[in-house]
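In the UniProt record's numbering, the protein residues as written are 1 to 169.
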């Protein structure tokens with residue numbers, strides 16, 4: 001092999017090393033070690049978990065910030081961390097709330113789960129942030145255009161029925 005060919009290969013290797021070096025210098029930051037199982041990290045959000053599975057709500061750099069949970073009786077995990085302010089968060093659909101922290105289990109897979117830290121518990125009758133309050137039965141959905149057919153009347157409430165219980169038996 002000629003000297004020019006060897007020099008060119010060494011030059012290319014040094015150039016590639018210089019290009020890749022900044023990417024490898026980022027260390028993992030362990031934010032917390034705990035004996036709790038992963039499901040106690042916060043409430044699991046099904047909407048965010050679904051978006052995570054679809055690649056629409058994820059960590060920007062997986063493993064950059066982590067929480068280690070060492071539950072002896074099961075539930076041990078390493079969870080990735082992102083903040084609602086955008087730190088380490090990929091959120092093109094703007095689902096994040098600035099005051100919340102997001103803990104990712106199995107990010108990058110279709111089994112991804114998102115647990116939310118810092119979420120304020122809802123009081124009865126309160127709606128989650130970013131959602132409109134449900135309509136009361138019997139109230140119109142909005143103004144109707146003249147000549148449009150009338151909206152179907154809402155079903156009458158069945159005594160004893162609820163979304164949690166189902167119909168009364």
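Glycine is no exception: its CB is placed at the ideal position from the N, C-alpha and C atoms.
Helix, strand or coil at residue i according to DSSP, with G and I counted as helix
i	result
residue 110	coil
residue 29	strand
residue 58	strand
residue 48	helix
Close Cβ partners of residue i (< 8 Å) along its chain, the five nearest in sequence each way excluded
i	result
residue 107	52, 58, 59, 62 and 80
residue 66	28, 29, 30, 31, 78, 79, 80 and 81
Spatial distance of residue i from residue j (CA atoms)
i	j	result
residue 47	residue 35	27 Å
residue 31	residue 104	14 Å
residue 75	residue 33	13 Å
residue 118	residue 39	14 Å
residue 50	residue 112	8 Å
Short Cβ contact (8 Å threshold) for residue i with residue j
i	j	result
residue 92	residue 64	no
residue 87	residue 96	no
residue 101	residue 72	no
Residues of its chain near residue i, where Cβ-Cβ distance is below 6 Å and the 5 sequence neighbours each way are ignored
i	result
residue 115	41, 42, 44 and 103
residue 70	35 and 76
residue 120	none
residue 37	71 and 75
Own chain residues within Cβ distance below 7 Å of residue i, not counting five before or after
i	result
residue 110	53
residue 98	84 and 85
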